[in-house]
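Chains as they are written, first to last, in my numbering: chain A, 4 to 149; chain B, 4 to 149. From the three backbone atoms N, C-alpha and C, an ideal C-beta is built for every residue, glycine too. Model, not experiment: these values are computed from the prediction. As structure tokens, the structure follows; a few thoughts come after it.
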DNA sequence: ATAATCTCTATTATATTAGTAGAGTATACC
DNA sequence: GGTATACTCTACTAATATAATAGAGATTAT
Ligand code: FES
Ligand code: FES
């Protein structure tokens, strides 16, 4: 799991779409401006997310993107794994990697798998609905503070 | 935490040195042959590990590297964090990153921190002595199997 | 002395990530 | 139908990170 710019952009995009869920499609331009993401880069990310079924799209005028499922049915884990790869270290899952020839003999593998399970337990239990609620709460608290 | 080739090499090197702990220094050439790591690359890794205090070195004839501390006093967490960076996603810890301006408002941060804590709990409780014991057990089991 | 072995800095090669470009396709609306 | 709008797709470039290599220099046992 490597949260690169692409991963970060993807997660924030899904969160934004979650905030607009039910209100019709959101245009790439709106997203890219609001989230400060290069438009052309976001295009590609959205196409990836679409192929994975996280978002749906509609072309032409009044076109744009919308969430493919209810925010409560999309977990952070799903999206993260799709866009940022598995939580466990790449070496263990990379087929080309030959450092641990006899994989049953690698003492590190068990530990990484435990790390993986423990991280999965967390991120698989957070939905974008949860994150959205939290975000609204945070914004409110922030506003009142001023 | 990104287990690259370098990280992988480093962890295996420490484990090998743990296996030879107390028997005097091990030469880079021995390590590089046994672990199948490019010698010159391993040189650099060992220098890094030395600067961090994980290993000690001795030059000249009968020179080589040895563990700086008892294998039971070196945790997988320490070495991993040093060589592979923090467990949490880079965005959150990268100072140059400006995607989450108002860091108190980022809804993802809490989750990544929880992932981080949970992973740390695991890898900070595994020492190289533990890994070494496990490795010996595995090799024995493997031998008997044949 | 000298052979063995670590030390340090620089350089190169390869892979990944980030971003850009542009032509193409669908849709609403007049 | 024409046209503006917005998604689709493939290719390309730039920047950065990773992996590896090269070579001169310093230390130590014998
Ligand atoms: S480090 Fe993953 S199998 Fe050895
Ligand atoms: S993703 Fe780390 S602070 Fe927002």
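Does the beta-carbon of residue i, which I'm using as the reference point, lie nearer than 8 Å to any heavy atom of ligand 1?
{"i": "residue 85/B", "result": "no"}
{"i": "residue 131/B", "result": "no"}
{"i": "residue 112/A", "result": "yes"}
Quick check: the Cα distance between residue i and residue j, rounded to an integer number of angstroms?
{"i": "residue 132/B", "j": "residue 50/B", "result": "22 Å"}
{"i": "residue 29/B", "j": "residue 15/B", "result": "14 Å"}
{"i": "residue 39/A", "j": "residue 19/A", "result": "12 Å"}
{"i": "residue 99/A", "j": "residue 80/B", "result": "Note on residue 99/A: pLDDT 49, under 50, position unreliable in the model; no value is reported."}
{"i": "residue 13/B", "j": "residue 67/B", "result": "16 Å"}
{"i": "residue 6/B", "j": "residue 139/A", "result": "36 Å"}
{"i": "residue 43/B", "j": "residue 33/B", "result": "13 Å"}
{"i": "residue 46/B", "j": "residue 134/A", "result": "46 Å"}
{"i": "residue 111/B", "j": "residue 108/A", "result": "36 Å"}
{"i": "residue 119/B", "j": "residue 63/B", "result": "42 Å"}
{"i": "residue 54/A", "j": "residue 60/A", "result": "10 Å"}
{"i": "residue 231/A", "j": "residue 73/A", "result": "The structure shown does not extend to residue 231/A, since chain A is modelled only from 4 through 149, so no value can be given for it."}
Could you tell me whether any non-hydrogen atom of ligand 2 is closer than 8 Å to the CB of residue i?
{"i": "residue 6/A", "result": "yes"}
{"i": "residue 115/B", "result": "yes"}
{"i": "residue 120/A", "result": "no"}
{"i": "residue 11/A", "result": "yes"}
{"i": "residue 109/A", "result": "no"}
Tell me the DSSP bridge mates of residue i?
{"i": "residue 7/B", "result": "According to DSSP, which records beta bridges pairwise, residue 7/B is partnered with nothing at all."}
{"i": "residue 65/A", "result": "Residue 65/A pairs with nothing; no bridge assigned."}
{"i": "residue 58/B", "result": "70/B"}
{"i": "residue 29/A", "result": "68/A"}
{"i": "residue 83/B", "result": "According to DSSP, which records beta bridges pairwise, residue 83/B is partnered with nothing at all."}
Contact check, residue i vs residue j under 8 Å by CB: the rounded distance?
{"i": "residue 114/B", "j": "residue 126/A", "result": "6 Å"}
{"i": "residue 58/B", "j": "residue 69/B", "result": "7 Å"}
{"i": "residue 10/B", "j": "residue 86/B", "result": "5 Å"}
{"i": "residue 71/B", "j": "residue 56/B", "result": "5 Å"}
{"i": "residue 122/B", "j": "residue 121/A", "result": "7 Å"}
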